[in-house]
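Take any residue in the sequence shown, count from 1 to its spot, add 59: that is its number in the numbering used here. Working notes for the structure below.
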Amino acid sequence: MAETLNIKEQIKQLVSLQDIDGKIYALKTAKDELPQEIASLQKSFEEKKAHLNSLEDRSKALAVRRKEKELELSSQEENVKKLNSQLFSLKTNKEYQTMLEQIAGGKADNSVREEEILKIMDEQDVIKAEVTKEKARLNEEEKKFLEQKKKVEERVIELESAINDLTAKGKQIIPSIDKRIYAVYERILKALHGLALVKVENYTCQGCFISVTPQVVNEIKMLERLVTCESCARILYLEEDL
Ligand SMILES: [Zn+2]
C-alpha cells in the first residue's frame, strides 16, 4: 500500500533543496575552474623566464668559445717558445730568417687570439650584468605569481567551506523528502547541471524555456504526482500552488 504523499509539501521541500543545490553547483563549477587559473599563472611566469634562459644559453656558449680560444692560445704560445728555442741551433742564415718570420707570424696570430679572448670577456661582462638584472626582475615576478597563486588557493578553501555548509543544510531537508521522489530529483540534478526542479511561468518551462501545454499545467495544479517537462525532463511546479 502506497502511503499518500502530500505532493505540495514535497515540492516545497524540493524548492528549498534546489535552491541549495543550485548554489552548490555554481560554487563547484567556480572551484573546478581554479586549478586552470593556477596553471595559466604558472605558464605566464614560465614564459617570463625565457629571456633569462636565452641569456644563460649565450653565457654558456661564450664560456665554451673562450675556453677553446684560451687552449688554442696556450698551445700556440708553446709553439712559439719551441721555435724560439730552436732558433740558435739553426745552421744557415736563411733558415734563421725563415724561423724568425715564423715566430713573428705566430706571435701576430696569438695577439689576434688575445684580442678575441678580450672581446669575449667584455661580452661576458655585459651578459653577466644583464643576467643579474633579469634575475632581480624575475624575483619580483615570482613574488607576484606566488601571491596570486596563494589567493587562488585561498579561494578554493573558501569555496570548499561554503560548499560544505550548504551540503550540511541540504542534508537537513533531505529526510523530509520521500525517498523515491528524492531519487528522481537527484538523478535529474546530476544529469542536468544542478537544476532538477523548475518553475513554469507563462506556460514556459524555466529550465529549457520551451512551452508547456495547458494540459501539463493542469496536471501540475492537481498536485497528485510529480510532473516533468516533456522537453528537458526537469520536475515542474507552479509558484502560485505553493
Ligand atoms: Zn524544460
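Just so it is clear, CB atoms sit at the ideal spot from N, CA and C, and this is done for glycine as well. Given the structure is predicted, the values throughout are model-derived calculations rather than measurements.
Span separating the alpha-carbon of residue i from that of residue j
i: residue 110; j: residue 186; result: 12 angstroms
i: residue 259; j: residue 296; result: 6 angstroms
i: residue 82; j: residue 237; result: 22 angstroms
i: residue 92; j: residue 212; result: 12 angstroms
i: residue 201; j: residue 214; result: 20 angstroms
i: residue 205; j: residue 180; result: 36 angstroms
i: residue 221; j: residue 283; result: 36 angstroms
i: residue 158; j: residue 132; result: 19 angstroms
i: residue 156; j: residue 135; result: 20 angstroms
i: residue 60; j: residue 78; result: Confidence at residue 60 is low in this model, with a pLDDT of 39, below 50, so its placement is unreliable and the value that follows should be read with caution. Each residue's alpha carbon lies about 32 angstroms from the other.
i: residue 128; j: residue 176; result: 7 angstroms
i: residue 203; j: residue 102; result: 13 angstroms
i: residue 281; j: residue 239; result: 19 angstroms
i: residue 147; j: residue 167; result: 21 angstroms
i: residue 313; j: residue 74; result: Examination of residue 313 is not possible in this model, given that the chain is present from 60 through 301 alone.
i: residue 170; j: residue 164; result: 10 angstroms
i: residue 63; j: residue 84; result: 32 angstroms
i: residue 143; j: residue 130; result: 20 angstroms
i: residue 301; j: residue 279; result: 11 angstroms
i: residue 225; j: residue 96; result: 24 angstroms
i: residue 172; j: residue 104; result: 41 angstroms
i: residue 191; j: residue 197; result: 10 angstroms
i: residue 123; j: residue 223; result: 59 angstroms
i: residue 153; j: residue 116; result: 51 angstroms
i: residue 299; j: residue 235; result: 22 angstroms
i: residue 151; j: residue 184; result: 49 angstroms
i: residue 112; j: residue 174; result: 28 angstroms
i: residue 149; j: residue 137; result: 19 angstroms
i: residue 273; j: residue 290; result: 15 angstroms
i: residue 94; j: residue 277; result: 47 angstroms
Near ligand 1: residue i beta-carbon under 7 angstroms from a heavy atom
i: residue 269; result: yes
i: residue 253; result: no
i: residue 266; result: yes
i: residue 113; result: no
i: residue 290; result: yes
i: residue 293; result: yes
Option nearest residue i by Cα separation, candidates the options
i: residue 231; options: 72, 64 and 222; result: 72
i: residue 268; options: 130, 288 and 281; result: 288
i: residue 188; options: 118, 266 and 88; result: 118
i: residue 66; options: 152, 227, 226 and 286; result: 286
i: residue 141; options: 150, 126 and 162; result: 162
i: residue 253; options: 261, 266 and 148; result: 266
i: residue 107; options: 261, 195 and 298; result: 195
i: residue 292; options: 249, 261 and 298; result: 249
i: residue 70; options: 243, 210 and 208; result: 243
i: residue 80; options: 153, 241 and 216; result: 241
i: residue 16; options: 137, 94, 125 and 68; result: Residue 16 lies beyond the range of the chain shown here (60 to 301); nothing can be said about it.
i: residue 160; options: 139, 94 and 174; result: 139
i: residue 68; options: 112, 208, 233 and 261; result: 233
Assumed close pair residue i, residue j - CB separation to whole angstroms, cut-off 8 angstroms
i: residue 256; j: residue 294; result: 5 angstroms
i: residue 199; j: residue 114; result: Incorrect: roughly 17 angstroms between the Cβ atoms, too far for contact.
i: residue 121; j: residue 182; result: 6 angstroms
i: residue 76; j: residue 229; result: 6 angstroms
i: residue 218; j: residue 89; result: 6 angstroms
i: residue 275; j: residue 263; result: No, residue 275 and residue 263 are not in contact; Cβ-Cβ is about 11 angstroms, not under 8 angstroms.
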